[in-house]
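**Student:** Below are the structure tokens for one structure; questions will follow.
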Amino acid sequence: MIGKRLRQRVARQARFRCGYCQTQEVVSGVPLTLEHIIPKVRGGRDVEINLWFSCRLCNENKGILTEAIDPDTTTTVRIFNPRLDDWNIHFAWSTEGTIIIGLTAIGRATVNALDLNSSFRVASRTLWVEAGYHPPS
């Protein structure tokens, strides 16, 4: 079981936002979850280095994935690691701030595998942009 202090420490490290889609916990209105970067079924453990903050949609879409296919090159690459990788190297926001653009093979594969631009997510981001809450800085 993951203790409350460890959850809070990881939440602070993640700046209270999803490591994949950058959804802010306070904007979503739903508590974010602790996500296992290496899923437990693949040998991942309940230790700080293997945990990150994630929204429920990203966590559920990622499931046990550690790799995905880059749609541009059709090669299998590892999924973005929010603890180790720089989000701004692998992703960018569209001009309107509602679409996540994959800039690298890892970014494109992660956008695709986690369905980061589903119509539901884009609609939510559109409202958040209009309210001035998104994209997070």
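The sequence shown begins at 9 in our numbering and counts up one residue at a time.
Where a beta carbon is used, it is the ideal one built from N, C-alpha and C, also for glycine.
As the structure is a prediction and not an experimental result, all values here were calculated from the model.
(1) For aspartate 151, does the count of other Cβ atoms within 10 angstroms reach 16, so buried, or fall short, so exposed?
(2) Would you decide whether leucine 40 is buried or exposed? Buried here means 16 or more other CB atoms lie within 10 Å of its CB.
(3) Going by the beta-carbon positions, is the gap between threonine 86 and isoleucine 114 smaller than 8 Å?
(4) Ignore the nearest five residues each way along the sequence and tell me which others in threonine 106's own chain have a CB closer than 7 Å to its CB.
(5) So, helix, strand or coil for isoleucine 114, using DSSP?
(6) Hey, isoleucine 10 and proline 47: beta-carbon distance below 8 Å or not?
(7) For the beta strand (DSSP E) holding alanine 131, just list the boundary residues, first then last.
(8) Report the partner residues of valine 55 according to the DSSP bridge assignment.
(9) Around the C-beta of alanine 139, are 16 or more other C-beta atoms found within 10 angstroms, so that it is buried, or is it exposed?
(10) Check this for me: beta carbons of glutamine 32 and arginine 25, under 8 Å apart or not?
(11) So, is valine 49 buried or exposed, given that buried needs 16 or more other C-beta atoms within 10 angstroms?
(12) Report the three-state DSSP secondary structure of histidine 142 (helix, strand or coil).
(13) Expressed to the nearest angstrom, what Euclidean distance is found between the alpha-carbon atoms of threonine 19 and valine 119?
(14) Taking the straight line between their C-alpha atoms, what separation do you get for glycine 37 and threonine 112?
**Tutor:** Inspection of the coordinates gives the following:
(1) In this structure the chain extends from 9 to 145, so residue 151 is not present and cannot be described.
(2) buried
(3) Rather than threonine, the amino acid found at residue 86 in this sequence is arginine. It is a contact, given that the beta carbons lie within the stated cut-off.
(4) Val130, Arg133, Thr134, Val137
(5) helix
(6) no
(7) No beta strand (DSSP E) contains alanine 131, which is instead part of the alpha helix (DSSP H) from 127-139.
(8) None, per the DSSP bridge assignment.
(9) exposed
(10) yes
(11) exposed
(12) coil
(13) The residue you asked about is not threonine; residue 19 is alanine in the sequence shown. Between alanine 19 and valine 119, the C-alpha separation is close to 22 Å.
(14) 31 Å
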